[in-house]
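Read through the structure below, which is laid out as structure tokens, and then see the notes.
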Amino acid sequence: MGGSVLARLVIVSNRVATPKERAAKAGGLAVALREALNKRGGLWFGWSGETEVDPPAAPKLTKSGRVSYALLTLDPEEQRAHYAGYANGTLWPLCHYRLGALSFRRSDWEAYRRVNAAFAAALMPLLKADDIVWVHDYHFIPLGTELRALGFEGRIGYFHHIPWPTPEVFYSLPSHAALVRDLSHYDLVGLQTEHDVRALLTYVSAEAKGWIGPGGVVGMQGRRFRVVAYPIGIDVDTFARDATAAELSEDTRRLHASLAGRTLAIGVDRLDYSKGLPNKFSAFENLLERYPEHRSEVTMMQIAPVSRGEVAEYRALRRELEESAGAINGRYAEFDWVPLRYLNKPFPRPTLAAIYRAARLGLVTPLRDGMNLVAKEYVAAQDPKDPGVLVLSRFAGAADELSGALIVNPYDVEGMAEAFDLALRMPREERIARWTENMDKVKACTIHDWCDGFLADLAKSELVASDDEPRHVHHPAARRRSVN
Ligand code: ADQ
């Protein structure tokens, strides 16, 4: 039953990178998805970024080359309840193990489902029977269910960009059973790491009384699907090229002039509580306190563009960080040295590449992260002859691959300060050995491999049965598919 790789691709994601978005601004993921769509011809469907009372039920259609775009406008209250409410007020903290920040309102959950139903109803008339549909992220977990209810029988895959929590955490969500039932309507569910896969499969067997076959095949409540880890990567060649080109750039010249020979430690994270920024600031302060030899010698730069400013937790975090940065600088700054540079704005990707390359330390210390692309970008941007050291939280998905990093526990502020000190003193041979180990991993799984791997597996998956009968594990096609 294997599908043709040439079937048209339909991508669904909350934000759509339309051609208007300048190439320098678009992230690696947007570029890779656009490439996949260009290769096969396709449709990119999502939210228009706009709200309007009584919005039209049909999306706005545009086309550029082989790619069509369909953008749906939402009612403002529905959009708030879907995005700030259930997606970012409930699912985001849940999946990042932050039960203290989790808020659950039935009205948000109902709006989340209604918005998914509206997206499915708007997409359905645009679909052809043999399209391959690839749904991205936690805003759209029920989309597969809704498309099936409208009669779509083609292949649908779902990729979850954030962690999948272990069952004990997941049970805190009142709607946990419905969400996993939603996953069962996809043919393929992709997660970032084997740890995430284990977490979901443990839930499936313990709570949903499903069976697990080889190759991540799952049978549950009359449906069958696969759960597989596809660690996301970056566009390593473009990033490394940008970083090399950046050596001669005006950005690099200005940066070095401002450092006046001091060592740079860099952090780049969306301003999000999952990224562990207060702990990172405290660890830097602890470094200056316990290792005075680094005072006036190291400058830390934290780039943290503001994100989800409409959610209360994010506004509180911003205030906390402003206070903390002010306190650290007030305590340690000299008339010619500011220890912590804290910036809230986004930068073009070539500028980011230049900053990564100039930094002797890359500080990636989230409390929890699906993968963390910054860790991989930092590695790709280094000068092979004189690379910097990556300090990486064990709770980032990237820690599974980047064994050459100094792995830290972000809850252990003093331990992190010790790792920063070790990194600052690390001899060049050890830096090269660790970087080589990391760079091999980054090259082994690029964003293109990730995209092609997921789509090849989705194209191979057996079409979903329209009835609810469980198909047997011993079905010959099932056996063929489960060997991989
Ligand atoms: P994010 O939580 O956004 O992604 P991350 O993987 O680090 O986290 O990706 C952030 C991207 O934004 C990086 O490419 C980075 O370069 C870029 N970026 C950050 N700050 C920037 C700035 N100031 N200017 C320009 N660009 C900036 C979610 C999950 C992650 C997962 C990704 C991909 O939370 O765990 O790795 O999706 O699946």
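Residue numbers -16 to 467, in our numbering, belong to the letters of the sequence shown in order. In this text, a Cβ means the ideal position worked out from N, Cα and C, and glycines have one as well.
Cβ-heavy atom distance, residue i to the ligand ADQ, below 7 Å
i: I286; result: yes
i: D352; result: yes
i: H178; result: no
i: G387; result: no
i: N421; result: no
i: G380; result: yes
i: I215; result: yes
i: F330; result: yes
i: I115; result: no
i: L468; result: What is shown of the chain runs -16 to 467, which leaves residue 468 out entirely.
i: E296; result: no
i: L12; result: yes
i: E293; result: no
i: V374; result: no
C-alpha distance - residue i paired with residue j, whole-angstrom precision
i: V321; j: Y315; result: 8 Å
i: V14; j: E272; result: 43 Å
i: G68; j: L405; result: 42 Å
i: D395; j: S155; result: 26 Å
i: S386; j: D252; result: 21 Å
i: S86; j: F403; result: 35 Å
i: E93; j: L373; result: 43 Å
i: H144; j: Q175; result: 7 Å
i: A295; j: V211; result: 34 Å
i: L350; j: S376; result: 7 Å
i: K22; j: K192; result: 40 Å
i: W194; j: P148; result: 19 Å
i: E35; j: R63; result: 12 Å
i: R501; j: V(-5); result: Residue 501 lies beyond the stretch modelled for the chain, which goes from -16 to 467, so this question has no answer here.
i: A308; j: L130; result: 48 Å
i: V289; j: K443; result: 40 Å
i: F264; j: A40; result: 46 Å
i: V357; j: T221; result: 14 Å
i: I215; j: D37; result: 38 Å
i: R291; j: L326; result: 17 Å
i: L12; j: Q285; result: 22 Å
i: F135; j: A112; result: 7 Å
i: S90; j: P393; result: 35 Å
i: T246; j: F102; result: 49 Å
i: A(-10); j: L441; result: 11 Å
i: G198; j: M283; result: 44 Å
i: I338; j: R224; result: 14 Å
i: G140; j: V172; result: 6 Å
For residue i, the first and last residue of its enclosing alpha helix (DSSP H)
i: A287; result: Taken as a continuous stretch (DSSP letters only), A287 belongs to no alpha helix (DSSP H), as it is neither H nor E.
i: V425; result: 411 to 427
i: T128; result: 126 to 132
i: Y1; result: The sequence shown places Thr at residue 1, rather than the Tyr named in the question. Element bounds for T1: n/a, residue is neither H nor E.
i: I311; result: 295 to 315
i: A160; result: 159 to 166
i: A212; result: Where A212 is concerned, there is no enclosing alpha helix (DSSP H), although the beta strand (DSSP E) it sits in stretches over 206 to 212.
i: Y95; result: 89 to 106
i: R236; result: 233 to 242
i: E35; result: Counting along the chain, E35 falls outside any alpha helix (DSSP H), and DSSP gives it neither H nor E.
i: G436; result: 430 to 443
Buried versus exposed, by CB contacts within 10 Å (16 or more), residue i
i: T128; result: buried
i: S167; result: buried
i: P146; result: buried
i: S241; result: exposed
i: R236; result: exposed
i: H457; result: Unreliable placement is indicated for H457, whose pLDDT of 35 sits below 50; no coordinate value is reported for it.
i: V281; result: buried
i: F123; result: buried
i: R340; result: buried
i: E306; result: exposed
i: A439; result: exposed
i: K43; result: exposed
i: G313; result: exposed
i: P76; result: buried
i: F318; result: exposed
i: G32; result: exposed
i: D352; result: buried
i: P370; result: buried
Unbroken beta strand (DSSP E) run spanning residue i, endpoints
i: M203; result: 200 to 203
i: R119; result: Looking at the sequence itself, residue 119 is His, so the reference to Arg does not match. Looking at the DSSP string, the run of the beta strand (DSSP E) that includes H119 is 115 to 119.
i: Y361; result: Careful: Y361 lies outside any beta strand (DSSP E), inside the alpha helix (DSSP H) at 356 to 363.
i: S51; result: 50 to 57
i: E397; result: Where E397 is concerned, there is no enclosing beta strand (DSSP E), although the alpha helix (DSSP H) it sits in stretches over 396 to 408.
i: I215; result: From DSSP, I215 is part of no beta strand (DSSP E); its letter is neither H nor E.
Residues bridged to residue i (per DSSP)
i: G345; result: I249, L373
i: D220; result: Partner(s): none; D220 has no beta bridge.
i: K43; result: L54
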